[in-house]
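Right, one structure below, let's go through it.
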Amino acid sequence: MITSEPLIFELSASGRTALSIPSCDVPEVPVEMLIPVEFLAQREPQLPELSEVDVVRHFTRLSTLNYGLDTGFYPLGSCTMKYNPKVNERLARLPGFTAIHPYQPESMTQGALQLMAELQEDLCELTGMDGFTLQPAAGAHGELTGMLIIRAYHQQRGDLKRTKVIVPDAAHGTNPATAAMAGYETIVVPSNERGGVDLEELKKVVNGEVAALMLTNPNTVGLFEENILEITELIHDAGGLLYYDGANTNAIMGITRPGDMGFDVVHLNLHKTFATPHGGGGPGSGPVGVKGFLEPFLPKPIVVRREDGTYGLEDNLPLSIGRVRAFYANFNVLVKAYAYIRSLGGQGLRVASENAVLNANYLMSLLKEHYFLPFDRVCKHEFVITPKNLKATGVHTLDIAKRLLDYGYHPPTIYFPMIVEEAMMIEPTETESMETLDGFAEVLIKIAEEARSETDLVKNAPHTTVVSRFDEVAAARKPNLRWRKES
Amino acid sequence: MNFVPNTDSQQEQLLARIGVKSVEELFEDIPKEIRLKRSLNIRGGMSEQELVKQITGLANKNKTVEEYSSYLGAGAYDHFIPSFVDQLLLRSEFYTAYTPYQPEISQGTLQAIYEYQTLVCELTGMDAANASMYDGASALAEAALMTCDATRREKVLVLQTVHPEYREVMKTYLPSRGVELIEIPYLEGVADLSALEAALQEDVAGVVLQNPNFFGGVEKAEEIAQMVHAKGALLVMAVNPVSLGLLKSPGECGADIVVGEGQAFGNPLNFGGPYLGFLATRDKFVRRMPGRIVGVAKDKNGKQGYVLTLQAREQHIRREKASSNICSNEALCALAFTMHLSALGKTGILELAYRNLQNAHYASREIEKIPGLNLAFSGPFFHEFVVETKAEPEIVNAWLLENKIIGGLDLARFYPELDHHLLFCVTETKCKEDIDRLVARLGEIQ
Amino acid sequence: MNPVELKYNKDHEYARVNGNIVTFGITNHAQESLGDVVFVELPDEGATVTVGKSYGTVESVKAVSDITASISGKVVEVNTLVLDAPDLLNSDPYGEGWLIKVEADDLFSLETMMTVTEYEAFVAAEEH
Chain L
1 MITSEPLIFE
11 LSASGRTALS
21 IPSCDVPEVP
31 VEMLIPVEFL
41 AQREPQLPEL
51 SEVDVVRHFT
61 RLSTLNYGLD
71 TGFYPLGSCT
81 MKYNPKVNER
91 LARLPGFTAI
101 HPYQPESMTQ
111 GALQLMAELQ
121 EDLCELTGMD
131 GFTLQPAAGA
141 HGELTGMLII
151 RAYHQQRGDL
161 KRTKVIVPDA
171 AHGTNPATAA
181 MAGYETIVVP
191 SNERGGVDLE
201 ELKKVVNGEV
211 AALMLTNPNT
221 VGLFEENILE
231 ITELIHDAGG
241 LLYYDGANTN
251 AIMGITRPGD
261 MGFDVVHLNL
271 HKTFATPHGG
281 GGPGSGPVGV
291 KGFLEPFLPK
301 PIVVRREDGT
311 YGLEDNLPLS
321 IGRVRAFYAN
331 FNVLVKAYAY
341 IRSLGGQGLR
351 VASENAVLNA
361 NYLMSLLKEH
371 YFLPFDRVCK
381 HEFVITPKNL
391 KATGVHTLDI
401 AKRLLDYGYH
411 PPTIYFPMIV
421 EEAMMIEPTE
431 TESMETLDGF
441 AEVLIKIAEE
451 ARSETDLVKN
461 APHTTVVSRF
471 DEVAAARKPN
481 LRWRKES
Chain W
1 MNFVPNTDSQ
11 QEQLLARIGV
21 KSVEELFEDI
31 PKEIRLKRSL
41 NIRGGMSEQE
51 LVKQITGLAN
61 KNKTVEEYSS
71 YLGAGAYDHF
81 IPSFVDQLLL
91 RSEFYTAYTP
101 YQPEISQGTL
111 QAIYEYQTLV
121 CELTGMDAAN
131 ASMYDGASAL
141 AEAALMTCDA
151 TRREKVLVLQ
161 TVHPEYREVM
171 KTYLPSRGVE
181 LIEIPYLEGV
191 ADLSALEAAL
201 QEDVAGVVLQ
211 NPNFFGGVEK
221 AEEIAQMVHA
231 KGALLVMAVN
241 PVSLGLLKSP
251 GECGADIVVG
261 EGQAFGNPLN
271 FGGPYLGFLA
281 TRDKFVRRMP
291 GRIVGVAKDK
301 NGKQGYVLTL
311 QAREQHIRRE
321 KASSNICSNE
331 ALCALAFTMH
341 LSALGKTGIL
351 ELAYRNLQNA
361 HYASREIEKI
371 PGLNLAFSGP
381 FFHEFVVETK
391 AEPEIVNAWL
401 LENKIIGGLD
411 LARFYPELDH
421 HLLFCVTETK
431 CKEDIDRLVA
441 RLGEIQ
Chain U
1 MNPVELKYNK
11 DHEYARVNGN
21 IVTFGITNHA
31 QESLGDVVFV
41 ELPDEGATVT
51 VGKSYGTVES
61 VKAVSDITAS
71 ISGKVVEVNT
81 LVLDAPDLLN
91 SDPYGEGWLI
101 KVEADDLFSL
111 ETMMTVTEYE
121 AFVAAEEH
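Chains as they are written, first to last, in this note's numbering: chain L, 1 to 487; chain W, 1 to 446; chain U, 1 to 128.
This is the structure:
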């Protein structure tokens, strides 16, 4: 088992290439006659030179230094690391989906357009919204799109004094960052002891200057916002809109819908709820749904089903916020989500959510005697624990996370949300078995024991991984962001 | 198929341990008024076998560039991807992995990104690159915002020879941050230098140039860089990575920030996505770069490895003060880019660029000979060129389609003044016979 | 622990007044909260700073903090040492870890700053 791999540049040997295309068979003209010399490279790009065997070995070996969802459990709260069905990979690779150019005539891509149109309809049904855009490439991208729609809506009505967006203190960092990108000032509203938005505090900040409230429900501590109807009514009465961060949708499919809760704009994460693979950080997809009155503002073009039954792209949307990307969507990611939805159907999606919530509550019940539970009530698809009861040992959440690596587990989400000190947010998802949950709980309980009896073992973890804890401070002080040949 | 491993009996055990009688009890805190009282009206629920049949049927409704000979480019390029790339991407340790926030078990992803960043720097002649962005268009919009951040000015100039959809994305991103966007016209298919000069006042933060531009033409990048710097502004160049096998790197031309669409390496057409935007810049702007960045680090035993670094600038920490809200990168697409480019290497990229150049120029020479068709612009170009047609573009393309050829893009779609103009792209996927066939069919149109 | 002769503000920055030249830096509490400082961004000599506006940043692995001007004026000296050795802000925030020296337009805005006793009380209250 390898513990490291040289950089690809270090494997380079002069004269090698893995390029394999036919030789030039058109009449050749010297390059300088086609492009004047002043536009040509003076210095060849110093790319590595390798044969195919070298490249394949290198990346194969690199992959062995990685832990993926197929390797083991990934209880990352808010990330919904559910199993990535292999059939989706097979279908997404059909040439009918991969070998089509976005600018081909619509008559040639009816299958793709139909897939997008049907997906839009299904997502509307799932969320209780009236229209969807599939353009955004990720959740944060969807958030920006959603906030720009809200901005356009207020501006179009001439309501220019709405310069603020309310965000709960438990929110993910993308929420305030997105609000700022959309030109808004963020107002942070605190959470109450039940883990929900503090209604009294919220009432203090809601006024005619508020454009929107951004919320996720269940919230970032995995609890359902009990006051949701009062909250949405409060904002609407003041003329504001409600934005739903769909990161936690896996808890509610077929059970409740953000549209019915009063939300006006939602985004979904296909790479979370709809099982498309995370890819080591992307590509994802963040479709955005809106209520009817906001449809005119959706990014253009939109996918439509015409009266004659054909599918197409509609560009004539004078109030649209414009484009948020080139072309139409992370289409290949949509294919996987679409396949997932068809595979499960409405009934199956509901079963998925029920089991996600069941698994989370079960795991929580196994751990509640051994860790501190800041909110001891029924959770939804995720819950938060902290090592507060182990404070005397001096062991922190980070240490526990690193010790989990030694046992072959990816740690839960740590230090988020910020409203809980030393948080560990655990989301098992529905695709994990009881045995996996039992095994994980057993290990976490063991680590709590180790924290008391073998403190240093935990504090200095990990011990069995190919690298130990990094000096991230030094890395940030003198950033080395690219390889350079030593002269 | 729903991928829930727990059997009914096991689910009973879970319920018992929790101390509830049914799953329904776990949802009691949801107000009755908003409980969905019917089942979701979403078609589906089928075996894998049925799923494959149904969705394959959908895929078969599309006509592909494998069955047709395509001459479409315009920001999405049909290149040959070596077979090993997809097979390596299917290694589940790569594609099912999460973002590498736990570096100890993510060295594969992290090292690959570090290699990707290095490749982008080498290609573009810049000092640092990020781990990729959603696509070329959004990377360009973020680069434009970087120039405002760096110069503390609020106006950006963009040439009309930049991809029209990229310009549209800039129009969506910039106004909400209070930045004014001004378009500069073209002349003879390239940037109108006197118009640019006139617009370049001391209040301009950045100028955005695409090279080769949307029409395929090579721009006078160095001259423009000098003009831009003279006014204390920054130059952002959007480039085609394949062209960098031949063209002078944006770094050598004097660009301050470089972006582009990386799809051409390792990523199929995919009907427009997922793609990947690359972004690279000079050392002095490193901390203004949005997105994830991987850097070298040493562990406590002195062993070298890789980590996500400079994270304090990112949204999950900086929150409302972050310069961008971007959370993910296009990791797997960037990995494909890295694998393909590594396989090409120094000599391969040169040869690939050369093939594209020769093919496109041969095609353009032959098309010029056809009465009723001529090259719209006289300047140098890489692998795309604009053809002016006397016959209606719809008629030209309909005829080609009948002959299993997808013709150039009708530019009236984006440039009303360029109706009767088609943008042709010829990559290494064509051989002389293919091009001769295109020319023959074009010659048959009255 | 915090020098008696300095003035302090709510953003955990301090001012050392010497005639109409004021030296600014971040307090010990600030460097403790930030953790190891990895990077400092400062304006150039000759640049203007405006009261209430950010003139630079202090970055740690955990956070990036804006540093806001407590007065308006011209930057007459920049501590280039901290650009190469940002850890000075951690080890010696009141000495070698100073950030900029400003020639003040006027000193009125400094009057709203706190004395050391007021600041230490402020910090103690914040911690609850």
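For each residue, glycine too, the CB sits at the ideal point set by N, CA and C.
- Your pair residue 49 of chain U and residue 73 of chain U checks out as a contact, with CB atoms roughly 6 angstroms apart and the cut at 8 angstroms.
- Closest in alpha carbon position to residue 438 of chain W, among W:56, W:397, W:110, is W:397.
- Counted as a single uninterrupted DSSP element, the alpha helix (DSSP H) harbouring residue 139 of chain L occupies residues 139-156.
- By the criterion of a C-beta distance shorter than 8 angstroms, residue 198 of chain L is surrounded in its chain by 189, 190, 191, 192, once the five residues flanking it on both sides are discounted.
- In the DSSP assignment, residue 83 of chain U falls within the alpha helix (DSSP H) that extends over 81-84.
- In terms of CA proximity to residue 342 of chain L, W:45 leads the group W:45, W:260, W:28, W:294.
- Short of 7 angstroms from the beta carbon of residue 299 of chain W, and not among the five residues preceding or following it, lie these beta carbons of its own chain, in chain order: 305.
- Per DSSP, residue 51 of chain L lies in no beta strand (DSSP E) and is assigned neither H nor E.
- The region 132-149 of chain L and the region 326-336 of chain L touch, with three or more beta-carbon pairs separated by less than 8 angstroms.
- Excluding sequence positions up to five before and after residue 17 of chain L, its CB lies within less than 8 angstroms of the CB of 49, 50, 51, all in the same chain and listed in chain order.
- In this structure, the CA atom of residue 211 of chain L is about 36 angstroms from the CA atom of residue 347 of chain L.
- Under DSSP, residue 358 of chain W takes part in no beta bridge, so it has no partner.
- Sequence-distant partners of residue 430 of chain L (beyond 5 residues in either direction) whose C-beta falls short of 7 angstroms from its own C-beta, in its chain, are 82, 352, 355, 356, 359.
- Among the residues facing chain W, residue 22 of chain L is included, as its CB has a counterpart in that chain under 8 angstroms away.
- In this structure, the CA atom of residue 173 of chain W is about 39 angstroms from the CA atom of residue 2 of chain W.
- Contact between the region 367-387 of chain W and the region 1-19 of chain U is not established, with fewer than three Cβ pairs separated by less than 8 angstroms.
- Bounds of the beta strand (DSSP E) holding residue 277 of chain W are 277-281.
- When CB distances to chain U are screened at a threshold of 7 angstroms, the residues of the region 445-479 of chain L falling below it are 472, 473, 476, 477, in chain order.
- Counting C-beta pairs closer than 8 angstroms gives three or more between the region 367-384 of chain L and the region 208-227 of chain L, which meets the contact rule.
- The alpha-carbon separation between residue 456 of chain L and residue 91 of chain W amounts to approximately 36 angstroms.
- Taking each of W:147, W:199, W:152, W:407 in turn and checking the Cα distance to residue 206 of chain W, the smallest one comes out for W:147.
- Residue pairing of residue 243 of chain L in beta bridges, as defined by DSSP: L:214, L:265.
- In terms of Cα proximity to residue 290 of chain L, the closest of L:262, L:400, L:113, L:483 is L:262.
- Contacts with chain W at 8 angstroms (Cβ-Cβ) do not include residue 191 of chain L.
- In this structure, residue 51 of chain U keeps its C-beta atom at 8 angstroms or more from the C-beta atom of residue 90 of chain U.
- Neighbours of residue 313 of chain W across chain U, judged by C-beta separation under 8 angstroms: 59, 64.
- Using a Cβ-Cβ cut-off of 8 angstroms, residue 38 of chain U counts as an interface residue toward chain L, since at least one Cβ of chain L sits closer than that to its own.
- Counting along the chain, residue 205 of chain W sits inside no alpha helix (DSSP H); it lies in the beta strand (DSSP E) bounded by residues 204-211.
- The Cβ-Cβ distance between residue 65 of chain W and residue 400 of chain W does not fall below 8 angstroms.
- Residues of chain L whose Cβ lies closer than 7 angstroms to the Cβ of residue 151 of chain W do not exist; the shortest such Cβ separation is about 19 angstroms.
- Chain-order list of chain L residues neighbouring residue 434 of chain W: empty, with the shortest C-beta distance near 10 angstroms, by a criterion of under 7 angstroms.
- Contacts with chain U at 8 angstroms (Cβ-Cβ) include residue 287 of chain W.
- What residue 35 of chain W touches in chain L, judged by beta-carbon distance under 8 angstroms, is 255, 256, going in chain order.
- Non-local beta-carbon contacts of residue 11 of chain L in its own chain, meaning distances under 8 angstroms to residues more than five positions away in sequence, involve 48, 50, 54, 58 in chain order.
- Nearest CB-CB separation between residue 134 of chain W and chain L: below the 8 angstroms threshold.
- Cβ atoms of residue 49 of chain W and residue 466 of chain L stay farther apart than 8 angstroms, at about 40 angstroms.
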